[in-house]
Amino acid sequence: MKPKDKYHHGNLRNKLIAIATELLSEEGAHSLSLRKISQRAGVSHNAPYMHFADKEAVLAAIAEEGFRLLSAQVETAVDKVNQNTKQQLIAASSAYVNFALQHSNHLQVMFCYYNREKYPSLIEVSQASLDQLFKIVQAGQKDGTLIAGNPHEITKTIWALVHGVAAISIAYESKILLPEKNSAQEVVSTFVTLLLNGLAR
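Going by UniProt numbering, the first residue of the sequence shown is number 1, and it counts up by one from there.
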């Protein structure tokens with residue numbers, strides 16, 4: 001079997017994304033190239049161009065996959081708790097940090113700049129991911145759990161806090177933030193609770 005025949009046309013794209021994601025952990029986004037991806041996949045150097053126009057398109061595909069995975073994890077986590085706003089925010093935040101620790105390769109390209117016109121599906125799924133948190137905030141404002149105010153600003157305040165915990169947990173470990181805590185989830189719960197105590201009526 002020739003290398004170019006190794007994959008069916010339908011699954012080559014997914015395989016290339018998986019390989020590119022692996023290479024991110026080894027060399028970082030700056031060193032990633034379609035040539036390296038094709039070499040690792042064992043296909044011709046031209047094969048990736050059947051699915052991706054350039055390196056940026058590969059990174060956008062990884063980012064889109066990341067947002068879909070993140071949204072699924074957050075949805076699952078939130079569905080397991082009751083309608084209490086605080087518990088939902090803690091669940092969503094913990095799921096975010098868990099995702100970041102499990103998929104740090106995705107995370108490093110998810111928040112780069114991507115042109116809306118070139119990657120509309122990526123922009124759509126990234127916004128849908130943030131909307132999960134936004135809807136919880138809106139519900140909290142409606143039931144009086146959270147203060148009145150711009151829900152977008154409140155949403156991004158919570159997101160920025162949780163993203164910071166995730167980034168530090170990836171770079172070092174979560175215990176560097178609060179050494180007395182036993183897990184990243186305990187750290188997230190503590191920080192979100194402190195933030196909500198400041199936002200609560």
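Beta carbons are placed, not taken as given, at the ideal position from N, Cα and C, and that holds for glycine.
Assuming residue i contacts residue j (C-beta within less than 8 Å), just tell me the rounded distance between them.
i, j, result
"L133", "I158", "6 Å"
"L24", "N105", "4 Å"
"I136", "L69", "With 8 Å as the limit, I136 and L69 do not qualify as a contact, their Cβ atoms being about 19 Å apart."
"A91", "L59", "With 8 Å as the limit, A91 and L59 do not qualify as a contact, their Cβ atoms being about 29 Å apart."
"V188", "V162", "6 Å"
"T85", "A139", "6 Å"
Assign residue i to one of two classes, buried (16 or more other C-beta atoms within 10 Å of its C-beta) or exposed (fewer than that).
i, result
"S93", "buried"
"H152", "exposed"
"L32", "buried"
"M1", "Interpretation of M1 is limited by its pLDDT of 39, a score under 50 that renders its predicted location unreliable; the figure taken from the coordinates is listed afterwards. So M1 ends up on the exposed side."
"I19", "buried"
"A184", "buried"
"F67", "buried"
"E117", "exposed"
"F191", "buried"
"G144", "exposed"
"T21", "buried"
"F111", "exposed"
"E26", "exposed"
"Y172", "exposed"
"T155", "buried"
"L194", "exposed"
How would you write the range of the alpha helix (DSSP H) that residue i sits in, first residue to last?
i, result
"S71", "55-79"
"L34", "34-41"
- Message: Quick check: the segment 39-46 against the segment 94-103, are at least 3 beta-carbon pairs closer than 8 Å?
- Response: no
- Task: Entirely within the segment 132-201 and at least 4 residues each: give me those alpha helix (DSSP H) ranges in chain order.
- Result: 151-171, 184-199
- Report yes or no: do the segment 143-151 and the segment 107-127 share at least 3 C-beta pairs separated by less than 8 Å? no
- Item | Any alpha helix (DSSP H) of 4 or more consecutive residues that is wholly inside the segment 95-137 | 104-110
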